[in-house]
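Q: Protein chains in written order, with our numbering: chain C, 1 to 288; chain V, 1 to 288; chain Y, 1 to 288; chain Z, 1 to 288.
Yeah, the Cβ is synthetic: ideal placement off N, Cα and C, and Gly gets one too.
#1: Could you tell me whether the region 37-51 of chain Y touches the region 9-25 of chain Y, using the rule of 3 or more Cβ pairs below 8 Å?
#2: Taking DSSP as the reference, what is the three-state secondary structure of residue 81(Z)?
#3: One question on the structure: do residue 29(C) and residue 19(Z) come within less than 8 Å of each other, judged by their Cβ atoms?
#4: Let me see if you follow: with CB-CB separation under 8 Å, is residue 253(Z) close to chain C or not?
#5: At which residues does the alpha helix (DSSP H) containing residue 292(Z) begin and terminate?
#6: Kindly give me the distance between the Cβ atoms of residue 91(V) and residue 117(V), rounded to whole angstroms, as I take these residues to be in contact under 8 Å.
#7: I want to see whether chain Y comes within less than 8 Å of residue 245(Z), judged by CB atoms only; does it?
#8: Once DSSP output is grouped into helix, strand and coil, what is the label at residue 43(Z)?
#9: Using a cut-off of 8 Å between C-beta atoms, extract the partners of residue 41(Y) located in chain Z.
#10: Are there three or more Cβ pairs, one per stretch, closer than 8 Å when the region 253-263 of chain V is compared with the region 280-288 of chain V?
#11: Enumerate, from N- to C-terminal direction, the unbroken alpha helix (DSSP H) stretches of 4 or more residues contained entirely within the region 89-157 of chain Y.
#12: So, helix, strand or coil for residue 241(Z), using DSSP?
#13: The beta strand (DSSP E) with residue 74(C) in it runs from where to where?
#14: So with CB distances below 7 Å, who are the chain Y contacts of residue 37(C)?
#15: Ordered along the chain, which non-local residues of its own chain (more than five positions away) have a Cβ less than 7 Å from that of residue 242(Z)?
#16: Is there at least one Cβ from chain V nearer than 8 Å to residue 109(Z)'s Cβ?
#17: Please identify, using Cβ separations under 8 Å, the residues of the region 148-179 of chain C that lie next to chain V, in order along the chain.
#18: Could you give the distance in angstroms between the alpha-carbon of residue 112(Y) and the alpha-carbon of residue 132(Y)?
#19: Between which residues of its own chain and residue 276(Z) is the CB-CB distance below 6 Å, once the five residues before and five after are set aside?
#20: Please list the partners that residue 121(Y) has in chain V, where partner means a Cβ-to-Cβ separation under 8 Å.
#21: Counting only Cβ pairs nearer than 7 Å, list the residues of chain Y close to residue 115(C).
#22: Where does residue 232(Z) sit, in a helix, a strand or coil, going by DSSP?
#23: Any beta carbon of chain Y sitting closer than 8 Å to that of residue 258(C)?
#24: Under the rule that 16 or more other beta-carbon atoms within 10 Å means buried, what is residue 266(C), buried or exposed?
#25: Give the secondary structure of residue 211(Y) by DSSP, where H, G and I count as helix, E and B as strand, and everything else as coil.
#26: Quick one, which of 228(Z), 268(Z), 71(Z) has its alpha-carbon nearest residue 106(Z)'s?
#27: Please state the DSSP three-state secondary structure of residue 185(Y).
#28: Does any residue of chain C have a CB that is nearer than 8 Å to the CB of residue 283(V)?
#29: How would you label residue 362(Z), buried or exposed, when you count the other beta carbons within 10 angstroms and need 16 or more for buried?
#30: Residue 194(V) and residue 263(V): beta carbons closer than 8 Å?
#31: Please report how far the alpha carbon of residue 278(Y) lies from the alpha carbon of residue 213(Z), in whole angstroms.
#32: What did DSSP end up calling residue 290(V) once you bin it into helix, strand or coil?
#33: Which chain C residues are close to residue 22(Z), counting only those with a beta carbon under 7 Å from its beta carbon?
#34: Between residue 34(V) and chain Y, is any beta-carbon pair separated by less than 8 Å?
#35: At 8 Å on the CB atoms, spell out the chain V contacts of residue 235(C), in chain order.
#36: Distance check for residue 248(V) and residue 44(V), CA to CA, integer angstroms please.
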């Protein structure tokens, strides 16, 4: 994380083809950019190439826009999508919650202390409960109740807040509502959900109760991009915790909270550091 | 494990009722038996009580049979099932395998070095491949090929070997055949299978291919008692290993081998040390 | 944790001797107390016996004082020290901090949500920085600066607050001051410190810098009771996190924060649930 | 591992300087080599650059020698040391053991099944015990007893076997002898030892007894390159396992065996796949 404060990040993907690395690294060299960390991967089953470089301009006068334009000219030949991220960038973010506060509390701590370079624009909830927590952190809190009748209308309000605040990232920090297909489409690749199980093990409601019934010896959490298929989005991070027979369902719920917080925070961190690539329903994550 | 060489183990279960602990501990005291480790648990949802004591007779002349008879008289009142296990007992065991040898190799090493107090009676396989490994360890190897037509007949042969050798435990160390319902019933609570995934996530065939498709970041293994519901038996132990996008299905298979070996060995160890209680489709495991 | 809300806990220790379990379990039976969870252990090297029982009185009219008095009469014969803890007991606690806020933030969250049944009496710091955090949780904050000249005087003030508030537990949540021998003696077995390394690997100052120099692949944290030997007290809990060469010292510091929070919270939880026994410089922990 | 069967590996290091990535990636492009996986890292504290590329020649007629010669011409300018590894290369290896067989058993299994692409030239021991195990795997076993008087002479014999067999790698699989300084120097960066603790926590003899005394809740193992400073060599991999008060020293020894095997195997695998860079007493490991 500390590295983000003084290095640029270039992340790109394109169809597999000879020269995909060279087009990136040669350009960086020509621009007098020193690469401090580099990862590339070729998915031979998907025929897709992914690359991520952290770099430092060696000369004064690095121009973001001309870099973008000049690299776009090169990348076009490879059908390469890329994103350039400036040092210290704080990503505009909207957080959705319901009543459970453990993930929100954890995220706001990491936000407040700069561990996660977020620029939180708003906290939105279908319940009023977590307003004091948001307020203490100086964040606007939007209480948007929801009922079967008002669901679409409420979602429109959420969408408006996202649009108005120019938020790039949406975090569902234990938001207990299913998003509509159009919302999922709008937020493809930029909305991260935390599911309280090791997907695809326990989909749907009350996964910890299911886990208890099965007598599992491990519980876990999965952070993923949302998609239309509820609890089936591309996985970014997973965590796990040992349990035993003394854990009744309510104990599993309690036990799961820590691993949910950690897994969500890790996924967000990977996303912000441009370590996550999203393609054809799967992810490539250059984790560290 | 080392403790097993000089302590007796008393393991029991019965319906929940006041006095269930006392009936065990008072008897041990009266018999001048010193308890070195004790665990009990009351499952309040199932209304079932479980207890396990490791103990050392303080006086010479401990008589196993009179202990059994005298305790049975007390336990009867509580409808208590119990099992007394002598120090250093080696459990008669039959191992079933197919072609994959990693679990067998691991078990035979632990058998040979005394880490697992097994008395292996036979290794049975539907393939000839692993005979040299068994033979090197001085174990009889039964090659019993199987085809759709001979399935029941082959199973009868397996059953006969189990009966002839008085084997108490059957280990399915990557045995790639589904057992018949009658076989499952016969072996209820005494046949341990290793499934190469974190159940109930990836049932059925090729779980690592499924895991790859989902882009999971953790793979695992589950050791369980077999039952009629394939890959759904009561869970004894689970293990997990981190993976990433560079792991193609064949890499996940390789990565999974270690965790399969360890998880199976751990489950067998718990079973042999009478740490596992089996009741109503679930397990209570006093692990250590 | 949830179990604590409706069960009593009896925890005891004494020299090893036949009958130590029986004296506890027979008494509970006689008092019509149903044992829901029981653990005992005999340390054969130390010749010491430890037992912990969770139980529920079956009859109305359970009298704490008469239970205590009656059991003391029995326990005396065995030289047994014991402690009876009521359901839902919240332990009076004082927290010491310096400038780092991650452990305090985590503890206050668990306090506020009832995950840790603490009754926090005061937060004391040698710096003013964390006052807003304490205040938001409605807790008194004592800013007691320290200098080489005022060290003993400051410690006397801390001692006074502990005495005045009748605090049973003291938590050093990244308090960067060495306590005096007399303070350590006063707080023996009731002051928990979090050390940011896997003791005894990296004692003293800047353990993460030491870890970086060694090129370790795992960093960890150790929660322990304080004693005169700085960073050497009896260990209650340890946690670990994988790291690699990309982690400079400041990254290790950041990476370590989560595991410090979790390890400290776990140790406090074990302490509050009377799972930790302290004897002859070592601990016995009936963890779950 | 499977990837090694059809890709080449180029691993290199040099002082930090603009263009270090480009000199590698441009050359691979010119040679029509497709990079399937690439990692580079710049150690800003050490001022050192490390890079590893897996690649596949796209054209027929890849000539190893001309590749080496041509790349050397380019690399010279950057003072770059590099190593080119052919697909499916099996590394000539000598294994040193004493009496404990768990690591040897594990390594020979991975060798026999091709999981570790080793070409084991000899097993050398100062005890005769493990000869049957080596023999069953068809490997020469050299029993070279050692005494204070014959130590240097025995070491000369070991050295001769290494030289005669052209072994590139030496594995100390629980070899309980300290190597002489000249031997350490000879084997710098190519002899891997497994130490049965989390270094630097418990150096020297009987680390599990030390761990018991401290009451640790985690035990571990460290695989490292040997150097003159016993148990202080550059760390390649570490593993960890939870333990509790029921583990007496001999139980910790037993518990540690699995993690020793796994950690040693992982370190060897990283070494063989050229994922480990050794510089200035530290390692950079591009693990996966």
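A: For this structure:
#1: yes
#2: strand
#3: Annotated as proximal: residue 29(C) and residue 19(Z), with beta-carbon spacing under 8 Å.
#4: So no, residue 253(Z) is outside the interface.
#5: Residue 292(Z) is absent from the structure shown; chain Z starts at 1 and stops at 288.
#6: Yes, they are in contact, since the Cβ atoms of residue 91(V) and residue 117(V) sit about 7 Å apart, within 8 Å.
#7: Taking Cβ atoms only, chain Y reaches closer than 8 Å to residue 245(Z), which makes this a yes.
#8: strand
#9: Below the 8 Å Cβ cutoff, chain Z contributes 245, 246 as neighbours of residue 41(Y), in chain order.
#10: Taking a contact to require three or more Cβ pairs closer than 8 Å, the region 253-263 of chain V and the region 280-288 of chain V do not qualify as touching.
#11: 102-112, 131-136
#12: strand
#13: That residue, residue 74(C), is in no beta strand (DSSP E); its alpha helix (DSSP H) goes 64-76.
#14: Chain Y residues near residue 37(C): 246.
#15: 217, 218
#16: Closer than 8 Å: yes.
#17: Residues passing the 8 Å Cβ filter: none.
#18: 15 Å
#19: 236, 270, 283, 285
#20: Counting only Cβ-Cβ distances below 8 Å, residue 121(Y) has no contacts in chain V at all, with the closest Cβ about 34 Å away.
#21: 254
#22: In the structure shown, residue 232(Z) sits in coil (DSSP, three-state: anything other than H, G, I, E or B).
#23: yes
#24: buried
#25: helix
#26: 268(Z)
#27: helix
#28: Closer than 8 Å: yes.
#29: Here chain Z covers residues 1 to 288 and nothing more, so residue 362(Z) does not appear.
#30: The answer is yes: Cβ separation under 8 Å.
#31: Using only the alpha carbons, I get a separation of about 14 Å.
#32: The structure shown has nothing for residue 290(V), since chain V only spans 1 to 288.
#33: Below the 7 Å Cβ cutoff, chain C contributes 25, 26, 29 as neighbours of residue 22(Z), in chain order.
#34: yes
#35: 214, 215, 216, 217
#36: 44 Å
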